[in-house]
């Protein structure tokens, strides 16, 4: 965070020492997540009071999941609410292209977590005054190892008098299980330590819905902090985890339909896994020496034990040279490139014959597993990093011995550095061209020195994905966990077939599906969606699976938008025509107010000039000074910082949150200000002279303003109803059409904020509509529900 606010000086020297030790107090922090059809919307509310006798700067810092899109941010200061909005990145840069004065330092909250981003904003609070921050983000939960996992980062930086977490899960299919494991530190994989059990309350509402609550008092917060290795005075700092899975169709999956949108979840269970040919391509360059090579060996020994007897495998290591190992004899059979003198140890056992025999992969028999562990022990770290030669050689093994009826080839490629031979573009192009059998390549970037962007592009071009392995004590466990995700391929060449009634469909072809995971596609459909087929190749050859169609329990529109933007941003990384893809992604991101690689978050605050960034939260915070021309951050994944010049009042003073990426053209988009069940209503803007305020209908779901008639009425079932915004009628007659199929009482919409997140459009609202004394009401669930 960069700021130019001036803190007011104390009125007396006697107060200076006293005030120096008084920090703004967070007296309430609420985290509320609504999960509907695997799509999670989280609202974080933080309330702060300045106990000091002088004005102070307070910092709001939240760690969000890596794949989540921020979709709303509001500050309430001195009784006024300031709402952020999303703008195309270049437009934001033009607005804030005048630099702040040189020598201004950056200040960040020291919080870190893997696979996450950090959102940080600071604001000045008057003496004895309060401020409230609201941040919303959205994500589609990904199924791994037969479960979905919601991760909520809790790190207020101090004990909080009222700290509460609530997660509402509403699925269209029955829940198989819901559990809350022990809290995690966020920076290391830990076993399920009973001492760190949050003792969350799990209530099963019915077979498709559950409510999870966690309300630790200050004593509990300090105890858990101590168990997680933190300082008690810094408050709870950890990850609250909710895991669950749903009962599913064992064959073609489920198609959920609602309001003109559909989503198809595909995770067949009654299938025999494919036998696999796995090629381990391992970086043994000089930078892997020491702890890294030892962790790699430890992980490989565990992974080898998990190979199935019908699998085959190869070990290829590369540095300045590439070596393919003869597993049966624990010798190098093929070698090419410059070999350091002390790497000649295998030659002594082979009479120094030319090493030009390229062996096929070896069966995963107990004898070969034992020999492979000898090979792993012989690996030494030295030399450069010839990534291209390593992957070319692995593909040569596949191409030479490929059998279309044989095992499914998979390449697992690990490196900790940058390529020292060839160019990144050249390597990607060459490997993609030589991959004639479309072998999935899964790239593992090990440590901070690896080029994650390059490896991600390389994998995406070759039917795989990239994963980062953090350089820490649990690195070998990270590697083993990754292998478990891809250890059981079920199907290849998976294709979703749809009829002519659908459009704007997300990705419909997937090269491979692994056991315990899930494929997901979504689109827009006309009335009368028909069941479609999924075609794929299984262990016995081609198969066709028929899905079942169900009515969704909630709206699917934002899920479709999220998935579409995520996939477009992935396509952009490997596409030649990046501008066309960016333009399409930008249009959707602005419409749904998603902060992405190509959009910026413009945050309004009073009488201040500040800059905000979204950073990779696995990095340690940095402190730097900036020059007059350009504010940048060296952190991976974070884009430039822009600051409004003094005197610019078009946005009331503001700052921009950027995620690094391509800059294109576009326009601004307002946030949709809906709320989550049981959480505060998404704040209404009022009294902000520099930014247009939202209409009064922000007391209700924001789509309502789009469907109101000219006379401010709502048309339902051929009748017109007013909303009764100025009325307080309380509970009306009993009703049975509330959310989760529960009972309740008919109330005015604005008197039942806990259902607002369910009411995503007019058609959905009609399901829960009731008439409350001639006003448009909603069946509000009873407190017991």
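Numbering (the UniProt record's numbering), first residue to last: 1 to 785. Note that beta-carbon positions come from the ideal geometry of N, C-alpha and C, so glycine has one too.
C-alpha distance - residue 597 paired with residue 70, whole-angstrom precision: 11 Å
Buried or exposed (CB count within 10 angstroms, at least 16 for buried), residue 300: buried
Range covered by the alpha helix (DSSP H) that runs through residue 597: First-last for residue 597: undefined, no H or E at that position.
Three-state secondary structure (DSSP) of residue 507: coil
Beta-carbon contacts of residue 589 that lie in its chain and below 6 Å, excluding the five residues immediately before and after: 565, 596 and 599
8 Å contact criterion, which residue 804 and residue 209 should meet: CB distance rounded: Because the chain spans 1 through 785 in this model, residue 804 falls outside it and cannot be assessed.
Pairwise C-alpha distance: residue 36 and residue 553: 7 Å
For residue 324 and residue 506, the rounded distance between their alpha carbons: 40 Å
Beta-carbon contacts of residue 498 that lie in its chain and below 8 Å, excluding the five residues immediately before and after: 505, 508, 523 and 532
8 Å contact criterion, which residue 557 and residue 145 should meet: CB distance rounded: In fact, because the Cβ distance is near 29 Å, the residues do not count as touching under 8 Å.
Residue 380 - containing alpha helix (DSSP H), residue span: First-last for residue 380: undefined, no H or E at that position.
Residue 560, DSSP secondary structure in three states: helix
Beta strand (DSSP E) runs wholly inside the stretch 152–183, at least 3 long, in chain order: 162–170 and 175–179
Reference residue 488, options 479, 513 and 476, closest by Cα: 513
Distance between residue 297 and residue 373 (C-alpha atoms, nearest Å): 9 Å
Exposure of residue 698, with buried meaning 16 or more beta-carbon neighbours within 10 Å: Note on residue 698: pLDDT 40, under 50, position unreliable in the model; no value is reported.
7 Å CB neighbourhood of residue 328 in its chain, flanking five on each side removed: 362, 368 and 371
Candidates 286, 165, 271 and 228, of which the one nearest residue 242 by Cα: 165
Closest by C-alpha distance to residue 161, when choosing among 220, 494, 131 and 401: 220
Exposure of residue 715, with buried meaning 16 or more beta-carbon neighbours within 10 Å: exposed
Environment of residue 423 [buried if 16+ CB atoms lie within 10 Å]: exposed
Limits of the alpha helix (DSSP H) - the one that residue 480 falls within: 475–486
Whole-angstrom distance between residue 223 and residue 157, CA atom to CA atom: 15 Å
Cβ-Cβ distance between residue 331 and residue 395 below 7 Å: no
CA-to-CA distance, residue 457 to residue 568, given in whole angstroms: 14 Å
Pairwise C-alpha distance: residue 409 and residue 339: 28 Å
Cutoff 6 Å; reference residue 752; Cβ partners in own chain excluding five residues on either side: 778 and 780
Cut-off 6 Å between Cβ atoms - residues of its own chain near residue 280, not counting five sequence neighbours on either side: 315 and 412
Length of the line joining the Cα atoms of residue 561 and residue 592: 7 Å
Cα-Cα separation, residue 390 to residue 322: 6 Å
C-alpha gap between residue 130 and residue 226, whole angstroms: 29 Å
Three-state secondary structure assigned by DSSP to residue 782: coil
With 16 other Cβ atoms within 10 Å as the buried cut-off, status of residue 127: exposed
DSSP state of residue 463 mapped onto helix, strand, coil: coil
Pairwise C-alpha distance: residue 236 and residue 748: 38 Å
Contacting residues, own chain, Cβ-Cβ under 6 Å from residue 302 (five flanking each side not counted): 480
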